[in-house]
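Take a look at the structure set out below.
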Amino acid sequence: MSLKEGKMKLLRNKSGQITLFIIIALVIVGLAVLFYLFFPKIQVAFGLTPKNPQAFMQNCLEDDLQNSANKLSLQGGSLEPQLYLLYESNKIEYLCYQEEYYLPCIVQQPMLKTHIEKEIKTAVREKVGECLDDLEKTFEARGYSVSLSNGEYQVELLPGIIEVSFSNVLTLTQGEEREVYGSADNPQKKIRVLLHNNIYELISIANSIINWESNYGDSETTIYMNYYHDLKVEKYKQGDGSKIYILTDRIKGDKFQFAVRSVAWPPGI
691 MSLKEGKMKL LRNKSGQITL FIIIALVIVG LAVLFYLFFP KIQVAFGLTP
741 KNPQAFMQNC LEDDLQNSAN KLSLQGGSLE PQLYLLYESN KIEYLCYQEE
791 YYLPCIVQQP MLKTHIEKEI KTAVREKVGE CLDDLEKTFE ARGYSVSLSN
841 GEYQVELLPG IIEVSFSNVL TLTQGEEREV YGSADNPQKK IRVLLHNNIY
891 ELISIANSII NWESNYGDSE TTIYMNYYHD LKVEKYKQGD GSKIYILTDR
941 IKGDKFQFAV RSVAWPPGI
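Counting from 1, position 219 in the sequence shown corresponds to residue 909 in the working numbering; the numbering is continuous, with no gaps.
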């Protein structure tokens with residue numbers, strides 16, 4: 691074989707390999723598109739979806755709920771803090787603040803629990819809509835006739851948990867079988883999502899610390915740790931007279947941190 695013939699053969703082999711790679715890439719892209727379009731049916735076929743609507747919503751929303759709770763916990767309870775201190779790349783909201791020196795702080799979020807509930811509700815709103823849409827598609831793909839009424843959802847902080855409850859009524863019909871979820875007549879079939887998280891307890895401690903700061907200009911952290919053995923309370927004083935409080939559940943690792951500026955002294959005094 692001549693040198694010229696060898697080069698031509700090599701070029702043909704490379705051209706064939708490139709064509710093969712292009713075909714494989716197109717097949718992968720096509721499969722990805724089909725998977726995206728028919729994902730609910732694929733889930734059903736392989737038994738990947740939960741067996742009931744409550745479990746479906748739990749599975750769909752839980753991660754977003756956890757991420758939202760984590761973000762709020764690191765930022766003093768607000769998605770977009772307005773009055774904040776930048777600390778370790780986090781915008782930590784002042785929950786009690788006084789701009790002047792020598793004066794006790796003014797509470798910024800007197801209804802902290804309610805505020806955080808509203809913030810979580812806002813944070814998961816888009817995902818809630820997606821989950822309800824996927825819920826309908828998934829059970830229709832299983833052969834059910836699906837009726838889902840319009841409704842609201844509420845977020846509530848409770849001891850040990852964050853609860854998202856839905857007022858939507860879901861009716862699933864298949865042949866002679868009919869299941870209703872969310873009806874007021876059957877509270878056991880209420881559609882809700884639960885996240886195990888101790889933010890309720892942590893903000894209760896935060897409120898107590900804020901009360902001390904607003905009245906006396908400081909708080910004694912060891913009192914809380916002596917009483918609540920699973921609680922870690924850290925206080926870091928900043929150069930401008932501000933303080934960062936970090937509350938941590940030693941067992942579960944849940945955390946809540948916030949900023950305070952109260953009875954601050956001028957630099958050098």
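Note that CB positions come from ideal geometry on N, CA and C, so glycine has one too.
>> Is the separation between the beta-carbon of residue 888 and that of residue 939 shorter than 8 angstroms?
In response: Position 198 of the sequence shown, counting from 1, holds the residue named residue 888. Position 249 of the sequence shown, counting from 1, holds the residue named residue 939. Result yes, Cβ atoms of residue 888 and residue 939 sit closer than 8 angstroms.
>> Threshold first: 3 residues or longer. Then list the beta strand (DSSP E) segments lying entirely within the segment 758-836, N to C.
In response: Segments of the beta strand (DSSP E) lying fully in the segment 758-836: 774-777 and 780-787.
>> Taking only three categories from DSSP, how would you classify residue 1028?
In response: With the chain represented from 691 up to 959, any question about residue 1028 goes unanswered, as that position is not in the structure.
> DSSP on residue 939, reduced to helix/strand/coil?
Replying inline: Your numbering for residue 939 matches position 249 in the sequence shown. In the three-state scheme derived from DSSP, where H, G and I count as helix and E and B as strand, residue 939 is classed as strand.
>> What does the alpha-carbon distance come out to for the pair residue 904 and residue 786?
In response: Taking the first residue of the sequence shown as 1, we reach residue 904 at position 214. Taking the first residue of the sequence shown as 1, we reach residue 786 at position 96. Between the alpha carbons of residue 904 and residue 786 lies a distance of about 7 angstroms.
> Is residue 954 closer than 8 angstroms to residue 930 when the C-beta atoms are compared?
Replying inline: Along the sequence shown, read from residue 1 onward, the residue named residue 930 stands at position 240. Along the sequence shown, read from residue 1 onward, the residue named residue 954 stands at position 264. Yes, the Cβ-Cβ distance between residue 930 and residue 954 is below 8 angstroms.
> How should residue 828 be labelled, buried or exposed, when 16 other C-beta atoms within 10 angstroms of its C-beta is the threshold for buried?
Replying inline: Counted from its first residue, the sequence shown places residue 828 at position 138. Burial call: buried.
>> With the cut-off set at 8 angstroms, would you say residue 899 and residue 909 are in Cβ contact?
In response: Against the sequence shown, residue 899 aligns to sequence position 209. Against the sequence shown, residue 909 aligns to sequence position 219. In this structure, residue 909 lies closer than 8 angstroms to residue 899 by Cβ.
> Between the Cα of residue 860 and the Cα atoms of 852, 866 and 830, which residue gives the shortest distance?
Replying inline: Within the sequence shown, residue 860 is the residue found at index 170, counting from 1. Comparing alpha-carbon positions, the option among 852, 866 and 830 lying closest to residue 860 turns out to be 830.
>> Please report the straight-line C-alpha distance between residue 782 and residue 805, rounded to a whole angstrom.
In response: As a position in the sequence shown, residue 782 is number 92, starting the count at 1. As a position in the sequence shown, residue 805 is number 115, starting the count at 1. Note on geometry: alpha-carbon atoms of residue 782 and residue 805 lie some 15 angstroms from one another.
> Quick one: is residue 808 buried, meaning 16 or more other Cβ sit within 10 Å of its Cβ, or exposed?
Replying inline: Reading the sequence shown from its first residue, position 118 is the one you call residue 808. Residue 808 is exposed by the Cβ-count criterion.
> Using a Cβ-Cβ cut-off of 6 angstroms (strictly less than) and excluding sequence neighbours within five positions of residue 922, which residues of its own chain qualify?
Replying inline: By one-based count along the sequence shown, residue 922 stands at place 232. Cβ-Cβ distances below 6 angstroms link residue 922 to 938 and 940 in the same chain, with the five nearest sequence neighbours on each side left out; the list follows chain order.
> Are at least three pairs of beta-carbons, each pair with one atom in the segment 834-852 and one in the segment 766-784, less than 8 angstroms apart?
Replying inline: They do not touch, by the three-pair rule.
>> What would DSSP say about residue 881, mapped onto helix, strand or coil?
In response: The count along the sequence shown starts at 1 and reaches residue 881 at position 191. Residue state, collapsed to three classes: coil.
>> Contact defined as beta carbons within less than 8 angstroms: I believe residue 751 pairs with residue 814. What is the distance between those atoms, to the nearest angstrom?
In response: Taking the sequence shown and counting its residues from 1, the one referred to as residue 751 is at position 61. Taking the sequence shown and counting its residues from 1, the one referred to as residue 814 is at position 124. Right, their Cβ atoms sit about 7 angstroms apart.
> If we cut at 8 angstroms on Cβ distances, does residue 824 have a partner in chain D?
Replying inline: Of the protein chains in this structure there is only one, and it is not chain D.
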